[in-house]
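K.L.:
Protein chains in written order, with our numbering: chain A, 44 to 575; chain B, 44 to 575.
All C-beta atoms, glycine included, are put in the ideal place defined by N, C-alpha and C.
This is the structure I have questions about; it appears just below.
Following this line, the structure appears as structure tokens:
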């Protein structure tokens, strides 16, 4: 059963090891545990639905409404743990076909209802939260439209319902010998339609591309009609309508069908870990490697403090001691940075890619440690979000944020971002533990993915106030230092106020013109992406 | 000196060899030579400019106006050869800075003048032709804004003026050890701004990407203000404004600065030719090769009739006889198809890519001929447009058109397209020589690039009437058979009527909404891209 007040399946538990708790206590102080609400308590707060004439496809069940009321941002987490949800949708629509989506749009227009398109509910930026409003609000969940509809095996295109989540996508493709290869950290729960709507990026985007490269066409139901986007390998026939949809976050329409570019399953895949002696050499090494176009499928780099944190929080301290001794002998001591890379493909190509990567990294003092840590990364690639539970139970709040910038600015922005978080609670005398990795690298630059751990204080109100300071401070650091407000999480409500810095007033007005074109009454997810 | 009535530099002459003329005469009949007009004759037809208060940056010179009046479509060619230009711009603006572009926009608004943004004037789809109108028309040429402004060597981003043409881009980059790697066939004359505005694709897009992947950001001057698009390696912050600009064909604004992703010059580059025994095996071979992700930098495949035509029109018949004998011995006889591929990069990777490509192609009966023909392709890669002159002087008209579709549809669409052209003049009892290659391949599908040679008839009017039949027939075949109306030439005026089939009425309306947003008076290139 999926958790109603946190991440993932109830059966998956990732606890913080005792030595990890000590590590954090030394850095930022002893944990502060806040009491959790029960589901019964929250159910008692769900108000009667305001829907006068609910459509047959809409559930008014209190638990269903509760389970669709919040995403996975830290404010969502706090609201769920405290049991203070504030606003619930008046109903949850569960269509099974495009025709039913169109029916629901017509119904919403007729009944003057606001609709919130909903995929896996994994937003960390406030995409799917109903707001207090005079009009009733219905969450339109696409979870029942999760089937593989068709594969064009010559063109390597698969057609899916928009509500297929990561495991549903991969299991249906793998049964036929194919893969999409799109693995965001939210993969277990997030959906194809959500990936398209929010411009998602997967951990192996170096090989498979971001969702922008994987999305081949499909259909969107809008208040102005159905927009069908045919599949072409490429086209010069005017601006690409796919790109208008990518990142539209539900403001233009409800995605009813998604066609994606798939790949045959690779013969071989391996992940490796290399330790670089310090951050400057690690940063230059990773840039050189990606700009040399060595065909890797994954490449990420933790900074020194993240490397240290990962080793400290790992569940096998004895092994880590031996690893540290070995690394120190080879020159990777205090300040070392862990790089992980993957090769995916045929054996000959993988062997050459590995050889070239090793050779190049050796030139930067890299200590190669083989596949052991790479395998660990691969096995635990979707476990990080579960760690929020382990940390919370130990009395710590954790959140992440991310951006991307050109290589010439990566180090500067990373420092500004980490500093903004590290000092955001200084007025309260609170320490914040901040660490970063580069998770998606490109010839031009890199994403920057920063995690921060802080103490929630003595109440939920205090925890939220601390988060707001941290978040605003970090977002300001990003937009004032040439970063994009999001590389992979999207805009939602939380990032919308910062978006004009990069889009310009004119760009925002253009997006608003498109939103008005497709949704004249502004009935779809108002306030998401664009503040109006 | 650039030709005023045809392609390229006057000093470059590509004649049709005598045996090439015989080859065509046997296929479609003896050539029909039409008389050319002189420039003096045309200059005498340039009317007085209608500009009441011309801006200082605008030239009213008759020859300058003549030289900016037509592009390179076949109707343009016929108009230029006949000397019947019909409409000339009332002036040609030659700004040198973004500020001057903004001045010109303000002036155009004040004077109620239509503006046509102009790059290299190489459009083959009627992008830059002034139309008869009550308002005066000024062509806004960006040719003076052709400088490399800045290189960010860490991020591999170069900033250029929008008017830099292919040689200006490459020579300024190569002097610093870099390349853009973007080589459309029009490279000698077409410009960076034009590539962006029309979603251009270069011959080595397999390595470097299309202009969509190379375009990193820049500035556009619009009637609603300046749109500055910052550079990010990737972003999830809403729809990508770059993608709204790509393919906008001057309808939204005038591009004043272009930032592009560049590469370090590769250590080694080679091109190879392989002959496949027949079209079905060749088609499967090229699809298999690209879907196997072998890192090639170029991959193209001529169908049997193009292969035969290329060998027949080549300038060295004795060598060709020996080549044919060798190929026949190896199993590539009548019906054989020539594939050309390139490897670009470091020696180890190139060696492996070559080995893997050869091995795979051998499985399809491919006969490898080494670098000789590949080198010839590389040396002559920009010469094909000059052949229009050689053919014209021999009494033949030639035109090309192109599309792209998914692999499962390539063979079908190619046949429909070729047949539509081959039979388009049947009512006049005229033969059309039609041949095709796949010039840009993707995992999902391929572009289809078709050339057709026909006799112009006894007059320019007859030649134009024939072209119209051919063009309409082919465009119908494309849009009725799941092809995009253009893979690399853009929409312009010639393809605009066919665009709604793929964009949908709703998609067209969305693009129109953007055009109205940026250019409320519809003063920029009206009728281009969108028929309104």
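For a contact meaning CB atoms closer than 9 Å, what does residue 350/B contact in chain A?
P.N.:
By one-based count along the second chain, residue 350/B stands at place 307. Here the premise fails: no neighbours, minimum Cβ distance about 23 Å.
K.L.:
Compare the beta carbon distance of residue 182/B and residue 562/B with 8 Å and say whether it is the shorter of the two.
P.N.:
Looking up residue 182/B in the second chain gives position 139. Looking up residue 562/B in the second chain gives position 519. The answer is no: Cβ separation not under 8 Å.
K.L.:
Would you decide whether residue 341/B is buried or exposed? Buried here means 16 or more other CB atoms lie within 10 Å of its CB.
P.N.:
Position 298 of the second chain, counting from 1, holds the residue named residue 341/B. Residue 341/B should be labelled buried.
K.L.:
Residue 227/A CB to nearest chain B CB: under 8 Å?
P.N.:
Here residue 227/A refers to the residue found at position 184 when the first chain is read from its first residue. Residue 227/A does not count as touching chain B.
K.L.:
Inspect the CB distances between the stretch 401-419 of chain A and the stretch 278-288 of chain A and report whether three or more fall short of 8 Å.
P.N.:
Counting Cβ pairs under 8 Å, fewer than three are found: no touch.
K.L.:
For residue 187/B, collect the residues of the same chain with a Cβ closer than 6 Å to its Cβ; drop the 5 residues on either side in sequence, then sort them by chain order.
P.N.:
Translated into the one-based positions of the second chain, residue 187/B becomes position 144. For residue 187/B, where only same-chain residues beyond five positions count, the Cβ hits under 6 Å are 137, 139.
K.L.:
Just the Cα atoms here: how many angstroms apart are residue 422/A and residue 261/B?
P.N.:
Position 379 of the first chain, counted from the start, is the residue given in the question as residue 422/A. Position 218 of the second chain, counted from the start, is the residue given in the question as residue 261/B. Each residue's Cα considered, the two are about 41 Å apart.
K.L.:
Under 8 Å: do the stretch 493-500 of chain A and the stretch 430-443 of chain A share three or more Cβ pairs, one atom per stretch?
P.N.:
Yes, the stretch 493-500 of chain A is in contact with the stretch 430-443 of chain A.
K.L.:
How is residue 168/A classed by DSSP in three states: helix, strand or coil?
P.N.:
Along the first chain, read from residue 1 onward, the residue named residue 168/A stands at position 125. Note: residue 168/A maps to coil in three-state DSSP.
K.L.:
Are the CB atoms of residue 490/A and residue 530/A nearer to each other than 8 Å?
P.N.:
Within the first chain, numbered from 1, the residue matching residue 490/A stands at position 447. Within the first chain, numbered from 1, the residue matching residue 530/A stands at position 487. Yes, the Cβ-Cβ distance between residue 490/A and residue 530/A is below 8 Å.
K.L.:
Closest Cβ-Cβ distance between residue 166/A and chain B: below 8 Å?
P.N.:
In the first chain, counting from the first residue as 1, residue 166/A sits at position 123. Cβ-Cβ to chain B under 8 Å: no for residue 166/A.
K.L.:
Does any CB atom of chain B fall closer than 8 Å to the CB of residue 275/A?
P.N.:
Here residue 275/A refers to the residue found at position 232 when the first chain is read from its first residue. So yes, residue 275/A belongs to the interface.
K.L.:
Within 8 Å, do at least three Cβ pairs link the stretch 476-492 of chain A to the stretch 328-343 of chain A?
P.N.:
Touching, yes.
K.L.:
Under 8 Å Cβ to Cβ from residue 53/A, same chain only, skipping five residues before and after it: list those, please.
P.N.:
Residue numbering aside, residue 53/A sits at position 10 when the first chain is read from its first letter. Correct list, in chain order: 44, 45, 46.
K.L.:
Tell me, which residues are paired with residue 449/A by DSSP?
P.N.:
Walking along the first chain from the start, residue 449/A turns up at place 406. Answer is 488/A.
K.L.:
For residue 388/B, which residues in chain A fall below 8 Å Cβ to Cβ?
P.N.:
The residue you call residue 388/B lines up with position 345 of the second chain. Chain A residues near residue 388/B: 336.
K.L.:
Would you kindly work out how many angstroms separate the C-alpha atoms of residue 450/A and residue 325/A, rounded to a whole number?
P.N.:
Numbered from 1 along the first chain, position 407 holds the residue referred to as residue 450/A. Numbered from 1 along the first chain, position 282 holds the residue referred to as residue 325/A. Residue 450/A and residue 325/A: Cα-Cα distance of roughly 13 Å.
K.L.:
Under 8 Å, Cβ to Cβ, is there at least one residue of chain A near residue 300/B?
P.N.:
As a position in the second chain, residue 300/B is number 257, starting the count at 1. Output row for residue 300/B: interface = no.
K.L.:
Contact check, residue 161/B vs residue 185/B under 8 Å by CB: the rounded distance?
P.N.:
To locate residue 161/B, count along the second chain from 1; it is residue 118. To locate residue 185/B, count along the second chain from 1; it is residue 142. Indeed, because the Cβ distance is near 7 Å, the residues count as touching under 8 Å.
K.L.:
Need the endpoints of the alpha helix (DSSP H) that residue 556/B sits in, please.
P.N.:
Here the question's residue 556/B lines up with position 513 in the second chain. Start and end: 542-561.
K.L.:
Name the chain B residues that come within less than 7 Å of residue 527/A, Cβ to Cβ?
P.N.:
The residue given as residue 527/A occupies position 484 in the first chain. Within chain B, the residues near residue 527/A are 275, 278, 280.
K.L.:
Extract the residue ranges of the alpha helix (DSSP H) inside the stretch 100-148 of chain B, only unbroken runs of 4 or more that lie entirely within it.
P.N.:
Qualifying alpha helix (DSSP H) stretches, in chain order: 105-110, 117-125.
K.L.:
As a quick exercise: from 119/A, 192/A, 146/A, pick the residue whose alpha carbon is nearest that of residue 164/A.
P.N.:
Start at 1 with the first residue of the first chain, and residue 164/A comes out as number 121. Minimum Cα distance to residue 164/A is reached at 119/A.
K.L.:
Cα separation between residue 173/B and residue 154/B?
P.N.:
Within the second chain, residue 173/B is the residue found at index 130, counting from 1. Within the second chain, residue 154/B is the residue found at index 111, counting from 1. When rounded, the distance between both Cα atoms is 17 Å.
K.L.:
Should the stretch 504-512 of chain A be regarded as contacting the stretch 229-245 of chain B, the criterion being three or more beta carbon pairs within less than 8 Å?
P.N.:
Contact fails: fewer than three Cβ-Cβ distances are below 8 Å.
K.L.:
Report buried or exposed for residue 398/A, applying the criterion of at least 16 other Cβ atoms within 10 angstroms of its Cβ.
P.N.:
Here the question's residue 398/A lines up with position 355 in the first chain. When all chains shown are included, residue 398/A counts as exposed.
K.L.:
For residue 197/A, go through chain B and note every residue whose CB falls closer than 8 Å to its CB, in chain order.
P.N.:
As a first step, residue 197/A must be located in the first chain, where it is residue number 154. Correct list: 330, 449, 450, 451.
K.L.:
Could you give the DSSP three-state label for residue 66/A: helix, strand or coil?
P.N.:
For this step, residue 66/A is matched to residue 23 along the first chain. Reduced to three states, the DSSP call for residue 66/A is helix.
K.L.:
By Cβ distance, which residues of its chain are closer than 6 Å to residue 452/A, with the 5 residues on each side in sequence left out?
P.N.:
Working through the first chain from its first residue, we reach residue 452/A at position 409. For residue 452/A, where only same-chain residues beyond five positions count, the Cβ hits under 6 Å are 525.
K.L.:
Tell me, to the nearest whole angstrom, how far the beta carbon of residue 403/A is from that of residue 332/A; I am working on the premise that it is less than 8 Å.
P.N.:
Your numbering for residue 403/A matches position 360 in the first chain. Your numbering for residue 332/A matches position 289 in the first chain. Confirmed, about 6 Å.
K.L.:
Taking 8 Å as the CB-CB limit, is residue 361/B close to chain A?
P.N.:
Along the second chain, one-based indexing puts residue 361/B at 318. Chain A contact via Cβ: absent.
K.L.:
Does the beta carbon of residue 545/B come closer than 8 Å to any beta carbon on chain A?
P.N.:
Position 502 of the second chain, counted from the start, is the residue given in the question as residue 545/B. Yes, because at least one Cβ of chain A sits closer than 8 Å to the Cβ of residue 545/B.
K.L.:
Indicate the three-state DSSP secondary structure (helix, strand or coil) for residue 465/B in the structure shown.
P.N.:
Taking the first residue of the second chain as 1, we reach residue 465/B at position 422. Residue state, collapsed to three classes: helix.
K.L.:
Check whether chain B comes within 8 Å of residue 557/A, counting only Cβ atoms and requiring the distance to be less than that.
P.N.:
For the purposes of this step, residue 557/A is identified with residue 514 of the first chain, where counting begins at 1. Closer than 8 Å to some Cβ of chain B, the Cβ of residue 557/A qualifies, so yes.
K.L.:
Would you please verify whether the beta carbon of residue 79/B is less than 8 Å from any beta carbon of chain A?
P.N.:
Position 36 of the second chain, counted from the first residue, corresponds to residue 79/B. With 8 Å as the cut-off, residue 79/B does not count as an interface residue toward chain A.
K.L.:
Strictly by DSSP, which residues pair up with residue 304/B?
P.N.:
Within the second chain, the letter at position 261 stands for residue 304/B. DSSP, once it has assigned bridges, lists 200/B as partnering residue 304/B.
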